[in-house]
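Reviewing the structure listed below.
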Amino acid sequence: MVFVPTILWTSLALFTAYFPGPLFTFPAPILSVLQRIPGPMLSANVATLTMTGYIVFYMILDQIAGLLITPVIYLMLITSQQYVLSSPNAVSVSLF
């Protein structure tokens, strides 16, 4: 339980650094829902899709545990994206 979140956070940071642009734009109904979520505006990049995949995976395994882990994974996405955007050497620190 210690190493999986660390690896997930590092992969989200690296995905944000290497693939920062959106892969596609969200439709208007989904965009209006995403604007109500607290935190930075989500774009459809690789890190956001990875986060969504993990949340769906945990929801399929167990609905209660999936609901409990969803805010944690979202917080990991926010912190990893802010770390990459604010640190000039984020990739080298994340790799080593």
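For the sequence shown, our numbering gives the first residue as 738, with consecutive numbering after it.
In this text, a Cβ means the ideal position worked out from N, Cα and C, and glycines have one as well.
- Per DSSP, P808 is one residue of the alpha helix (DSSP H) stretching across Q800 to S823.
- Contact between M796 and L749 fails: their C-beta atoms lie close to 18 Å from each other, not under 8 Å.
- By the C-beta density criterion, A802 is exposed, having fewer than 16 other C-beta atoms within 10 angstroms.
- DSSP places I797 within a helical segment (H, G or I) once states are collapsed to three.
- In terms of CA proximity to L804, T789 leads the group T789, Q818, F763 and A765.
- Annotation: Q772 to M778 spans about 7 Å, alpha carbon to alpha carbon.
- When only Cα atoms are considered, Y755 and Q800 end up about 32 Å apart.
- In the three-state reduction of the DSSP assignment, V741 falls in the helix class.
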